[in-house]
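Take a look at the structure set out below.
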Amino acid sequence: MRHHAPDLSGLSLNPAALTKYVDALPVPERAQPLRKGHYRIAMREFQAKVHRDLPPTAFWGYESMSPGPTFEVRSGEAITVEWVNNLPAKHLLPVDHAVHGAEENLPDVRTVVHVHGAKVPSESDGNPERWFVPGRSGISSYPNRQDAAGLFYHDHAMGITRLNAVAGLFGHFLIRDAFEDSLRLPAGPYEIPLCIYDRLLQLNGQLQYPRSWTDDYNGNALLLNGKLFPFLAAEPRPYRFRLLNCSNGNFFLLSFAKDNLSLVPGAEPFQIIGSDQGLLAAPLEMKKLALTPGERADIVMDFAPYAGKTIYLKNSNFPIMQIRVSPGEPTRTFSLPARLRNIARIPESAAVKTRELTLMDYMDARGMPTHMLLNGAHYSMPVTENPALNSTEIWTLINLTQEAHPIHLHLVRFQILDRRPFDLEAWTKTGKLVYIGPAIPPEAHEAGWKDTVRADMVHATRIIVRFEGYKGRYVWHCHVLEHEDNEMMRPYEVI
Ligand code: C2O
Ligand code: CU
Ligand code: CU
546 MRHHAPDLSG LSLNPAALTK YVDALPVPER AQPLRKGHYR IAMREFQAKV
596 HRDLPPTAFW GYESMSPGPT FEVRSGEAIT VEWVNNLPAK HLLPVDHAVH
646 GAEENLPDVR TVVHVHGAKV PSESDGNPER WFVPGRSGIS SYPNRQDAAG
696 LFYHDHAMGI TRLNAVAGLF GHFLIRDAFE DSLRLPAGPY EIPLCIYDRL
746 LQLNGQLQYP RSWTDDYNGN ALLLNGKLFP FLAAEPRPYR FRLLNCSNGN
796 FFLLSFAKDN LSLVPGAEPF QIIGSDQGLL AAPLEMKKLA LTPGERADIV
846 MDFAPYAGKT IYLKNSNFPI MQIRVSPGEP TRTFSLPARL RNIARIPESA
896 AVKTRELTLM DYMDARGMPT HMLLNGAHYS MPVTENPALN STEIWTLINL
946 TQEAHPIHLH LVRFQILDRR PFDLEAWTKT GKLVYIGPAI PPEAHEAGWK
996 DTVRADMVHA TRIIVRFEGY KGRYVWHCHV LEHEDNEMMR PYEVI
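As structure tokens, then:
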């Protein structure tokens, strides 16, 4: 990614100077219904300490928590949520009114909640234009007619999603089902939802964000469920982690390590059992896991071999969490079922249409990025992607930029067909795809159901999607929130 000096005021914190591993990893509490199936969740400003030795940081959070409370729902059991905006009238972070949808004449504080990965009617989907202001609320119903999966909810207000997210408006939304129950995966205290995200913190511990739009927000602090360099006191037994890359634009490479050195990534094996939209066909042993913004992974890490030892979770080469495994007899040897969810590959022949859709960035005369577009179209231009309900399409995401973009479609789950490098010059001259290498199939852990796909630079990434569920207006966008906010988002309509 390109880097530009952001216009920041206030001194930045140097997290390396803090004592590490003095705060326990928090686990967000469960969302509690008012009565069965009905929730009321209020967004408020609150203070929380990200580290023992820092003053409290002002955040925005659902139920005054960030991450917000974890929803745990059963597949097939509908819920309704009243999302209440009890935020102050002044934004926690500077709003850039030059960004589309965040103009001067609009209120600075606007929210709307989207459950990422949920198959919901359009009016409950958290369309970015359906925002509401402090004192107001929005009611959504979630039918939850879908497989068990680790979804997440987050703000989606037009032109300020990146700011509302940095402020803290996100949380886990777990759907469970009988099939998942039958697998007897680690549960209760042994299942940990884990949001990982970077934040730019000032010396005084407060959040910082550039005054004017940047294409690339990079924090100086990596938070795990709201803490900087936390520790986890674990038992010598398997744990299930529901991982979520909740950063605005950071790509993570996660691993477990026996050392805390910053020279090499870790190499301790773990099992991945699920991706964005639920369980994989079979568990897969991995040592490194790449996670782009908006992507989730369901992993099982057995701490039994580390009884009495300390190990680390790393991002790239850097330790971000310490895991203290208690001594003692490891619990009975654990093994995962050899097969998980049966996942039928959608044959390409099922597609009634193939759409070629470009990802493009634009610069001003000084080479500074100004905005980004999907298929050359601004958000407010008429809908061009209008798949028929229950039809299957192939979307070829043609990335003309020099960076990868995590592309997310609302409403649906899809499968990745392949990624293939193409000749950018030939495209520029003729508008035709001339491939310059073989098609690369998805990695094994990406071969399940997805809702967010990494579209690599100067590759054509093909996904196959069945537009199931509901007719109506949805959006698709880049999940780098800086990109999404600055026009890398388009409405689409299921007809
Ligand atoms: Cu996770 Cu449209 O978003
Ligand atoms: Cu979404
Ligand atoms: Cu992007």
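The opening residue of the sequence shown carries number 546 in our numbering; numbering runs sequentially from there. Just so you know, even glycine gets a beta-carbon here, dropped at the ideal spot from N, CA and C.
Proximity test, residue i beta-carbon vs ligand 1 heavy atom, cut-off 6 Å
i: G823; result: no
i: H953; result: yes
Nearest-angstrom Cα separation, counted from residue j out to residue i
i: F677; j: A852; result: 50 Å
i: S682; j: F591; result: 19 Å
i: A694; j: D996; result: 11 Å
i: E674; j: N793; result: 20 Å
i: W972; j: F796; result: 27 Å
i: S667; j: E1038; result: 9 Å
i: E617; j: G646; result: 33 Å
i: G606; j: L799; result: 26 Å
i: V1020; j: H701; result: 11 Å
i: M908; j: D641; result: 18 Å
i: P987; j: P755; result: 36 Å
i: G662; j: Y742; result: 19 Å
i: F718; j: F786; result: 14 Å
i: S791; j: P838; result: Note that residue 791 corresponds to Cys in the displayed sequence, not to Ser. C791 and P838: Cα-Cα distance of roughly 6 Å.
i: R547; j: Y762; result: Note on R547: pLDDT 42, under 50, position unreliable in the model; the coordinate value appears next. The alpha-carbon atoms of R547 and Y762 are separated by roughly 11 Å.
i: S757; j: G771; result: 25 Å
Anticipated Cβ contact below 8 Å, residue i with residue j, distance rounded
i: V957; j: E1013; result: 7 Å
i: L730; j: L570; result: With 8 Å as the limit, L730 and L570 do not qualify as a contact, their Cβ atoms being about 19 Å apart.
i: E1032; j: L918; result: 6 Å
i: E948; j: M913; result: About 15 Å; that fails the 8 Å criterion.
i: L752; j: A712; result: 7 Å
i: I943; j: E893; result: Not confirmed; about 18 Å, so no contact.
Other residues of its chain near residue i: CB distance less than 8 Å, five sequence neighbours each side excluded
i: E622; result: G582, N689
i: A922; result: T929, R1035
i: R884; result: A826, A827
i: V979; result: F967, D968, A971, W972
i: S820; result: E840, R841, A842, D843, H990, E991, G993, W994, K995
i: D722; result: R619, S620, G621, D692, A693
i: C1023; result: L904, M917, L919, H950, P951, I952, H953, E1029, M1033, M1034
Residue i: CB within 6 Å of a non-hydrogen atom of ligand 3
i: V1003; result: no
i: M908; result: no
i: V1025; result: yes
Cβ neighbours of residue i in the same chain (closer than 7 Å, five flanking residues each side left out)
i: S669; result: S685, S686, Y687
i: T946; result: L904, M905, D906, M1002
i: K854; result: V870
i: L556; result: Q747, L748
i: R890; result: Q960
i: Q816; result: P828, L829, E830, I844, V845, L881
i: N805; result: Y857, P864
Check: residue i C-beta below 6 Å from any heavy atom of ligand 5
i: G839; result: Ligand 5 is not among the ligands present in this structure, which contains only ligand 1, ligand 2 and ligand 3.
Distance cut-off 6 Å: residue i Cβ against heavy atoms of ligand 2
i: H1028; result: no
i: H661; result: yes
i: H1022; result: no
i: H583; result: no
i: H717; result: no
i: H642; result: no
Reference residue i; option with closest CA among the options
i: D598; options: P775, S936, L934; result: P775
i: L565; options: E736, L637, L777; result: The question names Leu, but residue 565 in the sequence shown is Lys. If we check each option's Cα against that of K565, L777 comes out closest.
i: E736; options: E874, R782, L752; result: R782
i: E608; options: K833, D760, E627; result: E627
i: G764; options: F724, R707, L739; result: R707
Same chain, Cβ closer than 6 Å to residue i, five either side skipped, listed in chain order
i: I888; result: A826, G993
i: L954; result: W1021
i: G733; result: none
i: A910; result: none
i: G1050; result: The question about residue 1050 has no answer, for the chain in this structure spans 546 to 1040.
i: G671; result: V657, V658, H659, H701
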